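Quick notes on the structure that follows.
Protein chains: 2
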Amino acid sequence: MVDRVADYLDELEKYPVASGVGPGEVKSRLPGAAPLKGESMDAVMKDFEEIIMPGITHWQHPGWFAYFPANNSPSSILAEILTAGLGAQCMVWQTSPAATELEEVVTCWLRDMIGLPKDMAGVIQSTASEATLCSLITAREKATGFESNKKGLNSGLVVYASTEAHSSVDKGAKIAGFGEENIRRIPVDENFAMIPEKLEEQIKADRAGGLVPSCVVATVGTTSSGAVDPLEQIGEVCRRNDVFLHVDGAYAGTAAVVPEKRWILDGVEHADSFVFNPHKWMLVNFDCSAYFVKDAGLLVRSLEIHPEYLKTGVDSEVVNFRDWGIPLGRRFRALKLWFVLRSYGLEGIRDIVSRHMELAQEIKKRVEEHEHLELMAPVHFGLVCFRLNDGRGERELEVLNHGFLQNLNETGKMFLTHTMLDKKYVLRMSIGSRTTQARHVDAAWDTIMNTAGEVL
Amino acid sequence: MVDRVADYLDELEKYPVASGVGPGEVKSRLPGAAPLKGESMDAVMKDFEEIIMPGITHWQHPGWFAYFPANNSPSSILAEILTAGLGAQCMVWQTSPAATELEEVVTCWLRDMIGLPKDMAGVIQSTASEATLCSLITAREKATGFESNKKGLNSGLVVYASTEAHSSVDKGAKIAGFGEENIRRIPVDENFAMIPEKLEEQIKADRAGGLVPSCVVATVGTTSSGAVDPLEQIGEVCRRNDVFLHVDGAYAGTAAVVPEKRWILDGVEHADSFVFNPHKWMLVNFDCSAYFVKDAGLLVRSLEIHPEYLKTGVDSEVVNFRDWGIPLGRRFRALKLWFVLRSYGLEGIRDIVSRHMELAQEIKKRVEEHEHLELMAPVHFGLVCFRLNDGRGERELEVLNHGFLQNLNETGKMFLTHTMLDKKYVLRMSIGSRTTQARHVDAAWDTIMNTAGEVL
């Protein structure tokens with residue numbers, strides 16, 4: 000199996016990036032019931048190669064420019080093998096002290112690597128969605144003096160995020176009972192960053208209307224365009240108005256390991272919580288989302304449970320991470336983070352992230368220089384947003400670019416996704432796969448040029 | 000790394016089951032910052048062996064009788080290697096069609112293996128806690144006609160579970176905004192199973208009081224004692240009173256693969272949702288929680304999001320599991336489930352589960368025959384609840400049994416945990432590790448006898 004994985008990582012370029020199977024194709028080749036008798040691993044692997052592999056979209060491919068990266072790396076895979084072999088369930092300290100304590104240590108390493116305040120404590124969550132939900136719950140309990148947990152939510156609590164913030168804010172606000180009507184999407188400026196003055200106006204209007212402003216979610220590196228909300232000013236608004244501030248740096252947080260990008264977190268000392276995903280750009284296998292909070296007591300008080308069967312003799316002396324997130328059960332995820340940070344080192348990670356950002360700058364330049372390509376957003380990180388624009392009307396441009404994207408992806412050499420920016424259909428080229436080198440980006444550019452020529 | 004894991008699984012008995020390190024011991028041996036330069040894998044592995052391994056509690060040990068099992072197995076580990084190597088992020092169909100479709104297929108296999116109704120659809124969640132939260136949210140939206148998602152929750156919605164139900168019900172109800180005061184813990188009978196008449200009384204009283212009964216959580220195999228709530232009667236109460244019924248079979252659901260245990264799910268056709276954890280007793284590495292719903296549309300409508308950057312051309316033709324749970328990102332977890340079901344087959348899993356239940360019956364018999372041991376609950380599955388009782392007062396018995404447990408665990412040969420049943424301190428011996436054979440249970444019994452002699 001290890002050989003199979005090693006071959007796979009060597010031969011990634013042989014595969015079309017996105018799977019070409021149609022809906023139902025894989026399903027139709029699988030039997031309707033589990034076998035009665037056990038089968039040989041050879042039989043299982045044969046089906047894996049013939050049925051499953053054609054239906055895999057290759058996230059580790061050097062031509063992966065879709066969504067955001069979800070990198071793995073050899074050292075992370077090795078740690079996953081060990082984690083699977085140990086099979087330890089790390090819900091409380093007692094159920095594997097090393098898992099809890101290594102998590103405490105490596106999240107501190109991460110905190111310092113990206114320059115978060117020293118008074119923040121870290122924990123690994125599965126996803127940024129869950130981390131953001133934890134922040135929304137903590138903010139809800141803080142705003143209601145823990146009455147929501149006790150008596151249930153009586154709404155009127157308001158959540159704020161920019162129009163460009165991630166869908167997990169809406170989802171989390173619904174789960175936690177705030178209600179869609181109490182989510183305020185604050186307008187953004189021409190760079191798709193939240194306008195702090197608009198935030199403050201809205202908070203004041205809500206308070207005047209008898210509502211309770213409870214949580215602001217600011218984004219560092221939005222999903223659509225990589226925009227950076229101004230934390231310093233947003234933080235001051237939150238402080239002045241006594242509102243909980245959560246910062247979502249799911250994708251771009253990793254960039255702060257590069258000194259020239261440290262500015263993106265200017266003002267983060269105002270934040271009550273912060274999340275970023277080492278499982279995106281930091282070479283750690285999904286799932287590994289790093290969540291940091293200023294007041295761990297507030298988080299724990301919002302989420303803790305105390306059933307008898309989970310009590311241990313050392314509960315007052317140790318951290319029990321079960322109370323720091325949604326699920327009870329927890330994998331030993333700190334191990335892969337530790338393996339990656341040690342085997343690459345801070346410089347190794349910096350080099351890879353810098354390389355991606357330089358490649359993105361190069362593509363940005365070429366887009367700007369091209370007669371019929373239009374750059375659609377600032378390029379702060381590895382994400383370049385662009386479209387074809389030959390001067391036809393907006394409606395026709397959407398059709399054109401939709402076809403452009405489809406044709407690019409059908410080459411199998413690269414995989415891009417789209418978004419809407421300012422009501423315009425935009426292609427997102429997200430450069431961030433560990434395996435992506437300059438030559439891959441050059442080849443992708445050639446394909447973009449050829450395909451552009453065709454669709455125009 | 001594969002050799003290391005193979006050796007580990009061969010040599011499990013060499014290790015003390017529970018780690019003996021004290022609080023802070025592991026942490027104190029780790030540096031305060033990530034290295035600047037990358038280090039060799041040899042250096043990392045040296046520290047793994049010297050610092051991490053002594054802090055691991057060995058969940059796969061044949062002397063593992065604590066909590067519930069969290070089994071891995073060779074075929075599951077092999078699948079985890081492949082999953083880590085592919086590094087696919089399976090949030091929507093397009094991001095790996097095979098992952099979504101294999102998940103649809105293998106959850107159907109599971110459904111049929113344990114005899115759930117054919118009209119239920121399955122999805123893999125990380126934990127039963129998250130599945131139960133999904134049910135609570137769905138019930139909330141159903142009870143309020145989707146007004147909670149829209150306008151926010153105005154409480155008064157009530158959740159019901161027995162006094163023995165898992166803490167995830169409380170946690171989920173708090174997260175979803177119901178409030179602790181709106182959780183009704185229904186009394187149990189002498190076997191620790193919910194009393195359906197008491198449930199119906201409470202529902203009627205709440206409705207008479209202007210509240211809205213919205214969700215009942217019944218348990219098949221409670222955490223403390225393995226009690227089985229009577230689904231048939233509870234289901235009828237729910238149907239008569241139009242209340243959503245979620246069934247938590249996290250641990251014991253797996254037992255329904257054995258025909259003689261199929262009775263535990265009698266009445267499950269009344270359930271709106273059901274969860275059990277293949278990552279507990281079905282040899283699949285954590286995390287893999289199987290969640291089944293009768294009305295997938297209701298679940299999806301409660302949790303769906305539609306940001307532009309996640310839209311694909313096939314959304315109307317395929318299942319996008321991102322809308323079936325809390326997180327957006329998803330690992331390719333169906334693969335390990337498929338590997339395990341195929342390599343063991345239904346009969347292979349039945350044999351292992353049956354063996355554990357027979358061993359538990361043997362221990363039950365010995366407890367009942369012993370002069371100073373007292374059986375504290377019926378033994379339906381692999382869990383035996385007992386205590387020392389030589390006739391001294393209740394308060395002294397608690398002290399005695401606390402010491403008894405501590406001494407047992409300090410032998411390093413076995414690891415048990417405790418609970419409270421009917422206000423009595425009880426030892427839980429949960430037999431369910433894949434590696435546990437009759438000889439291990441016999442050896443554990445000898446240790447129990449010796450230690451009982453000592454503490455008495």
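So the sequence lines, in the order shown, correspond to chains F and C. Going by numbering that gives the first Met the number 0, the first sequence wraps up at 455, each residue one higher than the last. Going by numbering that gives the first Met the number 0, the second sequence wraps up at 455, each residue one higher than the last. Ideal Cβ placement from N, Cα and C applies to all residues, glycine included. Just so we're clear, the structure is a prediction, and the values are computed from it rather than from any experiment.
Point to revise | alpha helix (DSSP H) segments (min. 4 residues) lying fully within the stretch 83–157 of chain F | key: 96–113, 127–142, 146–150
Review point. Do F:GLY324 and the ligand FMN come close, with the Cβ less than 7 Å from some heavy atom?
Key: This structure lacks the ligand FMN; in fact it carries no ligand of any kind.
**Study point:** Rounded C-alpha distance that separates C:ALA376 from C:ALA120
**Key:** Within the second sequence, residue 376 of chain C is the residue found at index 377, counting from 1. Within the second sequence, residue 120 of chain C is the residue found at index 121, counting from 1. So the alpha carbons of these two residues sit roughly 34 Å apart.
Exercise for review: Determine the DSSP secondary structure at F:PHE338, reduced to helix, strand or coil.
Suggested key: What you label residue 338 of chain F is simply residue 339 of the first sequence in a count that begins at 1. Here F:PHE338 sits in helix by DSSP.
Check your understanding: Looking at the unbroken alpha helix (DSSP H) that takes in C:ARG386, where does it start and where does it end?
Key -> Walking along the second sequence from the start, residue 386 of chain C turns up at place 387. Note, C:ARG386: premise wrong, no alpha helix (DSSP H); beta strand (DSSP E) at 382–387.
Point to revise | Per DSSP, cross-strand counterpart(s) of F:ARG184 | key: Working through the first sequence from its first residue, we reach residue 184 of chain F at position 185. Paired residues: F:ALA160.
Point to revise | Cβ-based neighbour list, C:GLU393, same chain, cut-off 6 Å, excluding 5 preceding and 5 following | key: Here residue 393 of chain C refers to the residue found at position 394 when the second sequence is read from its first residue. There are no such residues.
Check your understanding: What residues from chain F crowd round C:VAL4, counting only those whose CB sits closer than 9 Å?
Key -> Here residue 4 of chain C is taken as the residue at index 5 of the second sequence, counted from 1. Neighbours of C:VAL4 on chain F, chain order: ILE80, LEU81, ALA83, GLY84, LEU85.
Review point. Quick check: the stretch 257–275 of chain C against the stretch 284–295 of chain C, are there 3 or more CB pairs under 8 Å?
Key: yes
Practice item. Return the chain-ordered list of same chain residues with a C-beta closer than 6 Å to the C-beta of F:ASP322, the five sequence neighbours on each side being excluded. Key: In the first sequence, counting from the first residue as 1, residue 322 of chain F sits at position 323. Closer than 6 Å at the Cβ level, and outside the excluded window around F:ASP322, lie VAL299, LEU302, GLU303.
Point to revise | Contact with chain F by C:SER429, beta-carbon distance below 8 Å | key: Your numbering for residue 429 of chain C matches position 430 in the second sequence. No, C:SER429 lies away from the interface with chain F (no Cβ there is under 8 Å from its Cβ).
Point to revise | Whole-angstrom C-beta distance between F:TYR308 and C:THR410, which should lie under 8 Å | key: Numbered from 1 along the second sequence, position 411 holds the residue referred to as residue 410 of chain C. Numbered from 1 along the first sequence, position 309 holds the residue referred to as residue 308 of chain F. C:THR410 to F:TYR308, Cβ: 21 Å. No contact.
Exercise for review: Could you say if the stretch 425–440 of chain C and the stretch 51–63 of chain C meet the contact criterion of at least three C-beta pairs nearer than 8 Å?
Suggested key: yes
Practice item. Count the other C-beta atoms from every protein chain shown that fall within 10 angstroms of the C-beta of C:ASN181, then say buried if there are 16 or more, exposed otherwise. Key: Residue numbering aside, residue 181 of chain C sits at position 182 when the second sequence is read from its first letter. Buried, because 16 or more other Cβ atoms sit within 10 Å of the Cβ of C:ASN181.
**Study point:** Residue range of the unbroken alpha helix (DSSP H) whose run includes C:CYS237
**Key:** Residue numbering aside, residue 237 of chain C sits at position 238 when the second sequence is read from its first letter. 230–240 is the extent of the alpha helix (DSSP H) around C:CYS237.
Check your understanding: How is the beta strand (DSSP E) around F:SER39 delimited, first residue to last?
Key -> By one-based count along the first sequence, residue 39 of chain F stands at place 40. First-last for F:SER39: undefined, no H or E at that position.
Exercise for review: Tell me whether C:PHE355 is buried or exposed, calling it buried when 16 or more other Cβ atoms sit within 10 Å of its Cβ.
Suggested key: As a first step, residue 355 of chain C is located in the second sequence; it is residue number 356 there, counting from the start. Note on residue identity: the sequence assigns His, not Phe, to residue 355 of chain C. Buried.
Point to revise | Reduced DSSP category for F:PHE331 - H, G, I as helix; E, B as strand; rest coil | key: Position 332 of the first sequence, counted from the first residue, corresponds to residue 331 of chain F. Coil at F:PHE331, not helix or strand.
Exercise for review: State the beta-bridge partners of C:PHE414 as determined by DSSP.
Suggested key: Translated into the one-based positions of the second sequence, residue 414 of chain C becomes position 415. DSSP lists C:TRP63 as partners of C:PHE414.
Review point. Out of F:ALA98, F:GLY209, F:LYS423, which has the shortest C-alpha to C-alpha gap to F:VAL157?
Key: In the first sequence, the residue the question calls residue 157 of chain F occupies position 158. Of the listed residues, the one whose Cα sits closest to F:VAL157 is F:GLY209.
Practice item. Please list the partners that F:VAL187 has in chain C, where partner means a Cβ-to-Cβ separation under 7 Å. Key: In the first sequence, the residue the question calls residue 187 of chain F occupies position 188. Those within 7 Å of F:VAL187 in chain C number zero; the least Cβ separation is about 15 Å.
Check your understanding: Near C:VAL105, which residues of its chain fall below 6 Å by C-beta distance, leaving aside the five closest residues on each side in sequence?
Key -> Start at 1 with the first residue of the second sequence, and residue 105 of chain C comes out as number 106. Correct list, in chain order: ALA333, LEU336, TRP337.
Practice item. Give me the Cβ distance between C:VAL256 and C:LEU358, rounded to the nearest whole Å; I'm assuming they're in contact under 8 Å. Key: Position 257 of the second sequence, counting from 1, holds the residue named residue 256 of chain C. Position 359 of the second sequence, counting from 1, holds the residue named residue 358 of chain C. That belief does not hold up - the Cβ atoms of C:VAL256 and C:LEU358 are roughly 17 Å apart, past 8 Å.
Review point. Going by other Cβ atoms of all chains shown within 10 Å of its Cβ, with 16 needed for buried, is C:GLU199 buried or exposed?
Key: Locating residue 199 of chain C in the second sequence gives position 200, where the first residue counts as 1. With 16 or more Cβ atoms within 10 Å of its Cβ, C:GLU199 is classed as buried.
Review point. What is the DSSP secondary structure of C:ARG365, counted as helix, strand or coil?
Key: One-based indexing of the second sequence puts residue 365 of chain C at position 366. In the structure shown, C:ARG365 sits in a helix (DSSP, three-state: H, G or I).
Exercise for review: Provide the residue(s) that pair with F:GLU196 in DSSP beta bridges, ordered along the chain.
Suggested key: Position 197 of the first sequence, counting from 1, holds the residue named residue 196 of chain F. The partner list for F:GLU196 (beta bridge, DSSP) is empty, contrary to what the question assumes.
Check your understanding: From the beta carbon of C:ASN153, is the nearest beta carbon of chain F less than 8 Å away?
Key -> Within the second sequence, the letter at position 154 stands for residue 153 of chain C. With 8 Å as the cut-off, C:ASN153 counts as an interface residue toward chain F.
Check your understanding: Can a CB atom of chain C be found closer than 8 Å to the CB of F:GLU163?
Key -> For the purposes of this step, residue 163 of chain F is taken as residue 164 along the first sequence, with counting starting at 1. So, not an interface residue.
**Study point:** Inter-residue Cα distance where the pair is F:LEU238 and F:ILE136
**Key:** Within the first sequence, residue 238 of chain F is the residue found at index 239, counting from 1. Within the first sequence, residue 136 of chain F is the residue found at index 137, counting from 1. Note that residue 238 of chain F corresponds to Arg in the displayed sequence, not to Leu. Computed Cα separation, rounded: 19 Å.
Review point. DSSP beta-bridge partners for C:VAL292?
Key: Here the question's residue 292 of chain C lines up with position 293 in the second sequence. DSSP output for C:VAL292 lists C:ALA120, C:SER272 as bridge partner(s).
Review point. Does the separation of the CB atoms of C:SER217 and C:VAL242 fall below 8 Å?
Key: In the second sequence, counting from the first residue as 1, residue 217 of chain C sits at position 218. In the second sequence, counting from the first residue as 1, residue 242 of chain C sits at position 243. For the sequence presented, residue 217 of chain C should be read as Ala rather than Ser. Not closer than 8 Å, so no.
Exercise for review: Compare the Cα-Cα distances from C:SER315 to each of F:GLY23, F:GLY86, F:PRO186 and report the closest residue.
Suggested key: Position 316 of the second sequence, counting from 1, holds the residue named residue 315 of chain C. When only C-alpha atoms are compared, the closest one is F:GLY23.
Check your understanding: Based on the DSSP secondary-structure assignment, which residues constitute the bridge partners of F:SER72?
Key -> Looking up residue 72 of chain F in the first sequence gives position 73. Paired residues: none, contrary to the question.
**Study point:** Proximity winner among C:LEU152, C:GLU231, C:MET428, C:GLN88, relative to C:PHE320 (alpha-carbon distances)
**Key:** Here residue 320 of chain C refers to the residue found at position 321 of the second sequence. Considering only alpha carbons, the answer is C:GLN88.
Check your understanding: So what does DSSP say about C:ASP421, is it helix, strand or coil?
Key -> Within the second sequence, the letter at position 422 stands for residue 421 of chain C. It is coil, neither helix nor strand.
Point to revise | C-beta contact flag for C:GLU102 and C:ILE80 at 8 Å | key: Within the second sequence, numbered from 1, the residue matching residue 102 of chain C stands at position 103. Within the second sequence, numbered from 1, the residue matching residue 80 of chain C stands at position 81. Contact flag unset, no.
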